[in-house]
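**Q** Have a look at the structure that comes next, please.
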Amino acid sequence: MKTGTLPLHVAIIMDGNGRWAKSQGLPREEGHRVGVETLKKVTRLCGELGIKYLTVYAFSTENWMRPRREVNFLMDLFQRTFEKEADELIKNRVRALFIGDRVGLSPSLQKIMARLEKDTSHCDGINLNIALNYGSKQEIVEAARAVCLEGKEDFSESDLEEFFYTSDSPPVDLLIRPGGEMRLSNFLLWQIAYAELYFTDVYWPDFAEYDLYKALEDFQSRQRRFGRVGGE
Ligand code: FPP
């Protein structure tokens, strides 16, 4: 790992679980199961490196259109993972926060999510934002509605940001998408306005320490200008 500024906030679209499973002759579900292990590894590594915010896309508002069996499997996997990993998260000082529309999720899952947020609320290590039933366009529309309800018609960018699920996180510095697709899939569209984008063909279950370091080194080699002229 080179020395240089690391991103404060990394976001990841965890893609390629299904194709990884297929490439191994396994059912798609196995890809999701291994995907959980990858998330655990990546969270630990980011925490060790001192990255303060990690936001991951676990389930989008569009993912409900997957076969019912897969949706059920994923919801069950989330529930089991959040229950099982709570102690480990606390031990590693990981603060978990869920972003997205939780009303659309089952009451039992909502309860476990709320408990995990509460049980890790004192943790001062990495902030792990888990996007579940999340859609960025919806987030922006809901925030605009909320600002209007306050009677503010002439509102600013920060007025709107206050109502985002991510209001406690800084803007994203680096967005990583494994799995070979080069699209944003309605993820954090506002928050990535000045993020560096990193795409790799590696499927999420295969995403290893080396791949994270590669993405971080790539980030370090870029010159971020935020709309200004470089080299000043
Ligand atoms: C993408 O693979 C992944 C998902 C739809 C989300 C599931 C993510 C996990 C299980 C990782 C762990 C998450 C948590 C919060 C515990 P895909 O099915 O879209 O793959 P494909 O594009 O190859 O079909």
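Position 195 (the sequence shown) corresponds to 205 in the working numbering; numbering is contiguous. For every residue, glycine included, the Cβ atom is placed at its ideal position computed from N, Cα and C.
Is His42 helix, strand or coil by DSSP?
**A** Residue mapping note: residue 42 aligns to position 32 of the sequence shown, counting from 1. Note: His42 maps to helix in three-state DSSP.
**Q** Would the C-beta of Trp214 count as close to ligand 1, meaning under 7 Å from any of its heavy atoms?
**A** The count along the sequence shown starts at 1 and reaches residue 214 at position 204. The answer is yes for Trp214.
**Q** Leaving aside the five residues before and after Thr53 along the sequence, list all residues of the same chain whose C-beta is less than 7 Å from its C-beta, in chain order.
**A** As a working mapping, residue 53 is identified with position 43 in the sequence shown. The residues are Leu64, Val104, Ile136 and Leu138.
**Q** Look up Phe69 in the DSSP assignment and give the residues it is bridged to.
**A** In the sequence shown, counting from the first residue as 1, residue 69 sits at position 59. Phe69 is bridged to Leu142.
**Q** In whole angstroms, give me the CA-to-CA distance for Asn58 and Ile23.
**A** As a working mapping, residue 58 is identified with position 48 in the sequence shown. As a working mapping, residue 23 is identified with position 13 in the sequence shown. Residue identity check: residue 58 is Glu in the sequence provided, not Asn. The alpha-carbon atoms of Glu58 and Ile23 are separated by roughly 21 Å.
**Q** Determine which residues share a DSSP beta bridge with Asn137 and list them.
**A** The count along the sequence shown starts at 1 and reaches residue 137 at position 127. DSSP, once it has assigned bridges, lists Tyr63 and Arg105 as partnering Asn137.
**Q** Is Ala21 helix, strand or coil when you go by DSSP?
**A** Reading the sequence shown from its first residue, position 11 is the one you call residue 21. Ala21 falls in the strand class under three-state DSSP.
**Q** Comparing C-alpha positions only, which one of Phe209, Asp183 and Leu115 sits nearest to Leu194?
**A** Counting from 1 along the sequence shown, the entry for residue 194 is found at position 184. Per the Cα distances, Phe209.
**Q** Have a look at Glu39, Ala156, Ser166 and Gly240 and flag the residue whose alpha-carbon is nearest the alpha-carbon of Arg78.
**A** Your numbering for residue 78 matches position 68 in the sequence shown. Nearest C-alpha to Arg78: Glu39.
**Q** Answer yes or no: the CB of Thr210 versus the heavy atoms of ligand 1, is any distance below 7 Å?
**A** Position 200 of the sequence shown, counted from the start, is the residue given in the question as residue 210. Thr210: no, Cβ never under 7 Å from ligand 1.
**Q** Apart from the five residues on each side of it in sequence, which residues of its chain come closer than 6 Å, Cβ to Cβ, to Glu152?
**A** Stepping through the sequence shown from its first residue, residue 152 is reached at position 142. So the list is empty, once near-sequence residues are dropped.
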